[in-house]
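For reference, the structure discussed in these notes is given below.
In structure tokens, the structure reads:
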């Protein structure tokens with residue numbers, strides 16, 4: 005399975021709200037680098053983060069473009085996040101059902117058909133401007 009095949013499965017699961025499907029794409033010791041946050045290691049920490057995100061945000065990704073480096077051990081994705089802010093997240097503006105749309109990207113490392121590193125970036129200032 006190619007890196008882009010793995011990423012397609014990962015993003016299909018994301019858009020379906022299928023955390024278990026996302027976890028199936030990850031190695032047990034996945035390193036999850038969160039935008040403006042700490043590195044979380046392991047599927048359990050990833051699942052906890054995803055549960056938090058699901059409580060606070062409803063997101064769908066569109067315009068997904070996948071890139072794969074030669075050898076298949078590194079890949080990237082660029083996409084548009086279309087979301088609704090459902091519940092106030094600590095340290096952020098109050099949630100009132102605001103919608104937002106912003107560009108984002110993720111870098112991946114892979115071993116075999118498992119993702120070992122997820123690094124996501126987006127412009128937090130732009131997001132805050134949209135929800136205030």
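Numbering (our numbering), first residue to last: 5 to 136.
Here a beta-carbon is modelled for each residue, glycine too, at the ideal position from N, C-alpha and C.
Predicted model only: the values in this text are computed from it and were never measured.
Considering only the alpha carbon of each residue, which of 131, 123, 132, 134 lies closest to residue 43?
Within the chain shown, residue 43 is the residue found at index 39, counting from 1. The residue from 131, 123, 132, 134 with its alpha-carbon nearest to that of residue 43 is 123.
Rounded to a whole number of angstroms, what is the C-alpha to C-alpha distance between residue 128 and residue 46?
Within the chain shown, the letter at position 124 stands for residue 128. Within the chain shown, the letter at position 42 stands for residue 46. One C-alpha to the other measures close to 25 Å.
Exposure label - residue 5; buried when at least 16 CB within 10 Å:
In the chain shown, residue 5 corresponds to position 1, counting from 1. Taking every protein chain shown into account, the CB of residue 5 has fewer than 16 other CB atoms within 10 angstroms, so this residue is exposed.
Going by DSSP, name the residue or residues bridged to residue 10.
Along the chain shown, one-based indexing puts residue 10 at 6. Among the bridge pairs identified by DSSP, residue 10 is matched with none.
Which class does residue 135 belong to by DSSP, given the choice of helix, strand or coil?
Residue 135 sits at position 131 when you count from the first residue of the chain shown. Assigned with DSSP and collapsed to three states, residue 135 falls in helix.
Quick check on the burial criterion: 16 or more other C-beta atoms within 10 angstroms. Buried or exposed for residue 55?
The residue given as residue 55 occupies position 51 in the chain shown. Per the 10 Å Cβ criterion, exposed.
Ignoring anything shorter than 3 residues or poking outside the stretch 53-132, list the beta strand (DSSP E) runs there in chain order.
Qualifying beta strand (DSSP E) stretches, in chain order: 61-72, 78-89, 103-115, 118-126.
Should the stretch 19-30 be regarded as contacting the stretch 97-108, the criterion being three or more beta carbon pairs within less than 8 Å?
Touching, no.
Host beta strand (DSSP E) of residue 33 (start-end):
Position 29 of the chain shown, counted from the start, is the residue given in the question as residue 33. First-last of the beta strand (DSSP E) with residue 33: 30-37.
Taking the alpha carbon of residue 40 as the reference point, which residue from 82, 64, 96 has its own alpha carbon closest?
Here residue 40 refers to the residue found at position 36 when the chain shown is read from its first residue. That would be 96, whose Cα lies nearest to the Cα of residue 40.
Excluding sequence positions up to five away, which residues of its chain have a Cβ less than 8 Å from the Cβ of residue 53?
Position 49 of the chain shown, counting from 1, holds the residue named residue 53. Contacts found: 36, 38, 44.
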